[in-house]
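Structure, as C-alpha cells:
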Amino acid sequence: VSETERLSYVGNNFGSGVMKCNSLCRYFVGVLDKDSGQMEVYNAELFNMQPLLSGRKILCLTPAPKSQCSSTLHAFSSEFYPYMQSVLSSAVSCSLHLSPTQMDLCIEAFGTSKQKRALSSRRMNAVGSDILNTAVTKAAANIIDAKGITALIQDVAQDDMQNISIFLPPCNEDADKPENVYKFEDILSPAEYEALQVPAAVFINITPEEIIRKTEEKSHCSFVLEELKFLPLDEKSRDHKARCLWFLDILIKFSFMKVIKKKHPMGPECPHIISRKLMKNFTSLTYNNGSVQNLISASMKAKITAYVIALALHINNFQIDLTVLQNDMKLQESRMMDIAKAMRLKVSKAKGLPGLEADQNHKLGTLSLPLPVQKASGGQRKRKKMN
Numbered sequence: 030v031s032e033t034e035r036l037s038y039v040g041n042n043f044g045s046g047v048m049k050c051n052s053l054c055r056y057f058v059g060v061l062d063k064d065s066g067q068m069e070v071y072n073a074e075l076f077n078m079q080p081l082l083s084g085r086k087i088l089c090l091t092p093a094p095k096s097q098c099s100s101t102l103h104a105f106s107s108e109f110y111p112y113m114q115s116v117l118s119s120a121v122s123c124s125l126h127l128s129p130t131q132m133d134l135c136i137e138a139f140g141t142s143k144q145k146r147a148l149s150s151r152r153m154n155a156v157g158s159d160i161l162n163t164a165v166t167k168a169a170a171n172i173i174d175a176k177g178i179t180a181l182i183q184d185v186a187q188d189d190m191q192n193i194s195i196f197l198p199p200c201n202e203d204a205d206k207p208e209n210v211y212k213f214e215d216i217l218s219p220a221e222y223e224a225l226q227v228p229a230a231v232f233i234n235i236t237p238e239e240i241i242r243k244t245e246e247k248s249h250c251s252f253v254l255e256e257l258k259f260l261p262l263d264e265k266s267r268d269h270k271a272r273c274l275w276f277l278d279i280l281i282k283f284s285f286m287k288v289i290k291k292k293h294p295m296g297p298e299c300p301h302i303i304s305r306k307l308m309k310n311f312t313s314l315t316y317n318n319g320s321v322q323n324l325i326s327a328s329m330k331a332k333i334t335a336y337v338i339a340l341a342l343h344i345n346n347f348q349i350d351l352t353v354l355q356n357d358m359k360l361q362e363s364r365m366m367d368i369a370k371a372m373r374l375k376v377s378k379a380k381g382l383p384g385l386e387a388d389q390n391h392k393l394g395t396l397s398l399p400l401p402v403q404k405a406s407g408g409q410r411k412r413k414k415m416n
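Under this note's numbering, think of the first position of the sequence shown as 30, with each following residue one higher.
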C-alpha cells in the first residue's frame, strides 16, 4: 500500500488486477551501501498500483471487452479520459464505474490545470445558478402578488406599443398641417433627395406599356406600380413623385433581406448615399462566425414599415391603402395595424384598388389633424368565434 497527501494506492499480485508480465523474466532491486560501495540485490515483483477512493472501492483500470468499448468510452468523462489515456498508454479502454463525486476527486488528484479550472468553474456556476433561480422565482411571485395577472397583461401590451414607437419617424404633435406631422426632411435629407434624380429618371418617362410589362414581371411593388399610372403632368411634381416612388420601392425590397453581406446590397444603380442610409438606419449589427454582420431584424423591419407608411402618406395626399402596403411588405394585418395606430393614423374600412386582392377587406389609413389620442391596448385581442 502506498499513500500521498490526497489519495491512497493499492496493488495486487493476484486476481484480475495483477499485471500481465512476462513470466520468464525475473525482476530485481539493487540497494547500494554508500559506506562500503557494495550493492545487495533482492528479488522484486511488479505491482499495478490503483488509487483507493472513498467508500473503499478500488478504481479498476482493466481492459474491457471489445463489445463494451463504445459504451464504456461514451460514459467516461471527456475531461478525465484524455489525461488517463496519456498515463496508461497500454490500456485500450477502461471500464469505470464512478459517481460524479468520485470523478471530481480524480480530477482534483491528478487532473491538468485546465481540468481543475473547469471543475472549479462548474462548481461555482452550479451555486450561482441555484441562487439566481431562487431569486427570480421569488421576484416573479412578488410581482404577481402585487400587481395581479390582468395588470401585467396590460403592461405587456403597453410595452409592445412603446417598443414600436422607438422606431417611428420623428413625430411633430403640434403640427398645423398634416405634412408637418412627419416632415419630409426627416425621411429624406436634401442631399439624399438630390441623389435620387438619376435613378428615378426611369419612372419620369415611363409609358403605359412599360407599366403593364413591369406589372406582369412583378419587378416593383403594387403600390408603386399603381401610383406610376397617375404621375402628374407638371414636370417638377412628376420628378418629385418619381423620386419618392423609387426610394419607397428600394425600402420595400431592402426589407426582404436578412443578412447584408454586400457593400452595395441594392446594386450599382443605387446611389452611394442611399446605400449608406439603408445600412446605417435600417440594420442592426450582429456578431457571427468571427465577423460583424448587418442584420435586418424584426424591429428593423418595423422601422422600415413605419418609414414606408410616412413616405406613402406624402406621396398620396396623406391617405393610403394600408392593405396594399401590407401585402407588398408581406406582413400580418395585426402588425401593420399596430404600426399604423402607433403613427396616429385613423384606420377605416375601404374597397381595395382594382385588381388588387379584391376579396380582401382593405384598410384605409388617414393622417389628419387633430391627431387621435394614443391609447394602450386594454388586453389581448378578441378571438373570433367559431360557428
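Think of the CB as a built atom: it goes at the ideal place given N, C-alpha and C, for glycine as much as any other residue.
What did DSSP end up calling Met286 once you bin it into helix, strand or coil? In the three-state reduction of the DSSP assignment, Met286 falls in the coil class, being assigned neither a helical nor a strand state.
Taking only three categories from DSSP, how would you classify Leu53? coil
Is the Cβ-Cβ distance between His391 and Asp350 less than 7 Å? In this structure, His391 places its C-beta atom within 7 Å of the C-beta atom of Asp350.
Between the Cα of Ile281 and those of Leu340, Lys265, Val58, spot the shortest distance and give me the residue it belongs to. Leu340
Could you name the residues of the same chain whose beta carbon sits closer than 7 Å to that of Leu360, not counting the 5 residues immediately before and after it, in chain order? Thr334
For Lys375: DSSP bridge partner residues: Thr395
In the DSSP assignment, find the unbroken alpha helix (DSSP H) run with Leu254 in it and report its ends. 251-257
Cβ contact (3+ pairs, closer than 8 Å) linking the stretch 237-245 and the stretch 215-225: no
Contact under 7 Å by Cβ, Leu396 with Leu374: yes
Going by beta carbon distance, what residues of the same chain come within less than 6 Å of Arg272, once the five residues before and after it are set aside? Leu225, Ala229
In chain order, which beta strand (DSSP E) runs of at least 3 residues are fully inside the stretch 262-345? 313-317, 320-324
Helix, strand or coil for Tyr38? Go by DSSP, reduced to three states. strand
Asp357 lies in the alpha helix (DSSP H); which residues open and close that run? 351-358
DSSP-derived helix/strand/coil call for Gln79: Three-state DSSP puts Gln79 in a strand.
First and last residue of the uninterrupted beta strand (DSSP E) at Arg70: The identity of residue 70 in the sequence shown is Val, whereas the question assumes Arg. That run of the beta strand (DSSP E) goes 68-73.
Comparing C-alpha positions only, which one of Asp268, Leu324, Asn310, Glu264 sits nearest to Lys291? Leu324
In angstroms with no decimal places, state the Cα-to-Cα distance between Ala155 and Pro129. The alpha-carbon of Ala155 is positioned some 14 Å away from that of Pro129.
Tell me which residue opens and which closes the alpha helix (DSSP H) that Ile241 is part of. 237-246
Is DSSP giving Gln144 helix, strand or coil here? helix
Please list, in chain order, all residues of the same chain as Lys258 whose beta carbon is under 8 Å from its beta carbon, the five residues on each side excluded. Pro237, Ile240
Apart from the five residues just before and just after Phe76, which ones in its own chain have a Cβ nearer than 6 Å to its Cβ? Gly40
Going by DSSP, what residues sit across from Leu217 in a beta bridge? Leu217 pairs with nothing; no bridge assigned.
Rounded to whole angstroms, what is the Cα-Cα separation between Phe57 and Met68? Cα to Cα, the separation comes out at about 12 Å.
Give me the Cβ distance between Ile338 and Met372, rounded to the nearest whole Å; I'm assuming they're in contact under 8 Å. The beta carbons of Ile338 and Met372 sit about 6 Å from each other, so the pair counts as a contact at 8 Å.
Select from Tyr211, Ser326, Pro401 the residue whose C-alpha is nearest the C-alpha of Thr315. Ser326
Determine, using beta carbons only, whether Lys330 and Ser363 come nearer to each other than 7 Å. no
Helix, strand or coil: how does DSSP classify Leu260 here? coil
For the alpha helix (DSSP H) holding Glu202, just list the boundary residues, first then last. Note, Glu202: premise wrong, no alpha helix (DSSP H); not H, not E.
Shorter than 7 Å from the beta carbon of Thr395 to some beta carbon of chain C? Reference to chain C is not applicable here, since this structure consists of a single protein chain.
Own chain partners of Ser328 with C-beta closer than 7 Å, once the 5 adjacent residues on each side are dropped: Phe196
Got a sec? Which residues, its chain only, sit under 8 Å from Asn201 by beta carbon, not counting five neighbours each side? Asn209, Val210, Tyr211, Lys212
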